[in-house]
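Report on the following structure.
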Ligand SMILES: Cc1cc2nc3c(=O)[nH]c(=O)nc-3n(C[C@H](O)[C@H](O)[C@H](O)COP(=O)(O)O)c2cc1C
């Protein structure tokens, strides 16, 4: 059975002439690796078969201090899986996605099997923005999305079995701000967290991973953001302005899922990427602010006070901002076999 997104569109998708199934799967990997990942750790591997693609978690790239359960690792793999689904739809292929298909092989997160049938046009239209999407940590202006735009972002989450809760009232905003500040200060006081962050912000260029100074704000203590961005500026050479600009009028979104197991984490990663691509397509910038969902106590408080029957998985801020540069990616040969 092929997957369908909930979005209707009239775009017809034709397969490029002479593109074999293996070529399409290989092209899907090139798109998959452009996904966002925790500290740009890119914790994924792919095996290209004649008619299917295996998407695997690479747990050697687990960030154990910030993400003890590996939840954000699996989310990152889910985001890559979503990009692969988009790329195959754009190349005219229908796919059957089997998620977490083998209890004996828990690193095999998904198998994308090419099947007969029409591709999902709702996914295909997102292919053109996969390479444009970036985590934008610039100062955002205070414009807010229209109700129609917010509805299209929430529909993208629903299409992946998740929910997206806009933070609308002042009280909700203060709750997210307080919990983000609390989680951020706990992390800043944890030497293991700081050591891990330093490792992922000081990578050798040849590694093709981690967070680069050009993509982060220079932290000089002048920012008075009520929802603080993570301080990635471990060497004091961040290139972007120090403030996120997030004040009470800014739009925050919380992505959640009904359950909180590996399958839900994978789906939440797909949902995150679906929402981010819709945000990009609509001309908005976004960045995750995930401190409050990384500390168990603040995550529980966020659930109790905002998302009550769903597990908060990610917090996003959105706004308008100038462009930001692309982050590096690992060599294709390091992540693909087959
Ligand atoms: C699960 C997850 C959590 C993230 N948390 C944060 C965060 O708290 N703050 C932030 O600035 N970026 C966060 N990011 C964004 C990553 O740092 C970013 O995706 C990565 O550096 C690659 O850059 P790109 O998204 O521009 O391709 C997160 C991404 C993922 C997938």
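In my numbering, the protein residues as written are 982 to 1319. Positions of the beta carbon are idealized from the N, C-alpha and C atoms, including for glycine.
Between which two residues does the alpha helix (DSSP H) carrying residue i extend?
i            : result
residue 1032 : Note, residue 1032: premise wrong, no alpha helix (DSSP H); not H, not E.
residue 1299 : Segment 1292-1300 is the beta strand (DSSP E) holding residue 1299; no alpha helix (DSSP H) there.
residue 1057 : 1052-1071
residue 1245 : 1243-1262
residue 1269 : It is not in any alpha helix (DSSP H) - residue 1269 instead sits in the beta strand (DSSP E) that spans 1266-1269.
residue 1313 : 1313-1316
residue 1280 : 1277-1283
residue 1197 : Counting along the chain, residue 1197 falls outside any alpha helix (DSSP H), and DSSP gives it neither H nor E.
residue 1108 : 1108-1111
residue 1102 : 1102-1105
Buried or exposed for residue i, please, with buried defined as at least 16 other CB atoms from any protein chain shown within 10 angstroms of its CB.
i            : result
residue 1064 : buried
residue 1087 : exposed
residue 1152 : exposed
residue 1023 : buried
residue 1183 : exposed
residue 1186 : exposed
residue 997  : exposed
residue 982  : For residue 982, the predicted structure reports a pLDDT of 40, less than 50, and the residue's modelled location is therefore unreliable. A value from the coordinates is still provided. Looking at its Cβ environment, which holds fewer than 16 other Cβ atoms inside 10 Å, residue 982 is exposed.
residue 1230 : exposed
residue 1132 : exposed
residue 1214 : buried
residue 1040 : exposed
residue 1049 : exposed
residue 1099 : exposed
residue 1239 : exposed
residue 1165 : buried
residue 1056 : buried
residue 1013 : buried
residue 1190 : buried
residue 1071 : buried
residue 1216 : exposed
residue 1278 : exposed
residue 1127 : exposed
residue 1210 : buried
residue 1034 : buried
residue 1042 : buried
residue 1168 : buried
residue 1312 : exposed
residue 1269 : buried
residue 1272 : buried
residue 1303 : exposed
residue 1149 : exposed
Hey, residue i and residue j are a contact pair by Cβ (cut 8 Å); roughly how many whole angstroms apart?
i            : j            : result
residue 1028 : residue 1300 : Actually they do not touch by this definition, with Cβ atoms about 39 Å apart.
residue 1111 : residue 1093 : Between residue 1093 and residue 1111 the Cβ distance is about 16 Å, and since that is not below 8 Å, they are no contact.
residue 1068 : residue 1108 : 6 Å
residue 1091 : residue 1054 : Actually they are not in contact, since the Cβ atoms of residue 1091 and residue 1054 sit about 14 Å apart, beyond 8 Å.
residue 1274 : residue 1294 : 6 Å
residue 1260 : residue 1121 : In fact, because the Cβ distance is near 12 Å, the residues do not count as touching under 8 Å.
residue 1114 : residue 1283 : Their Cβ separation, rounded to whole angstroms, is 25 Å, which puts residue 1114 and residue 1283 out of contact at 8 Å.
residue 1038 : residue 1141 : Actually they do not touch by this definition, with Cβ atoms about 18 Å apart.
residue 1080 : residue 1247 : 6 Å
residue 1233 : residue 1139 : Incorrect: roughly 18 Å between the Cβ atoms, too far for contact.
residue 1066 : residue 1058 : That pair is no contact at about 13 Å.
residue 1118 : residue 1221 : 6 Å
residue 1177 : residue 1047 : 6 Å
residue 1256 : residue 1287 : The Cβ separation is near 17 Å, so there is no contact.
residue 1308 : residue 1021 : 5 Å
residue 1095 : residue 1074 : 5 Å
residue 1194 : residue 1218 : 5 Å
residue 1017 : residue 1060 : 6 Å
With respect to the beta strand (DSSP E) encompassing residue i, which residues constitute its N-terminal and C-terminal limits?
i            : result
residue 1076 : 1075-1080
residue 1094 : 1089-1096
residue 1234 : 1232-1238
Report task. Ignoring anything shorter than 4 residues or poking outside the segment 1121-1153, list the alpha helix (DSSP H) runs there in chain order. Result -> 1128-1140
Requested in this report: List in chain order: all unbroken beta strand (DSSP E) runs of 3+ residues lying wholly within the segment 992-1030.
Outcome: If we require 3 residues or more, the beta strand (DSSP E) runs fully inside the segment 992-1030 come out as 1025-1029.
Report task. Report the residue ranges of all alpha helix (DSSP H) runs contained in full by the segment 1165-1194; include only those spanning at least 4 residues, in chain order. Result -> 1172-1181
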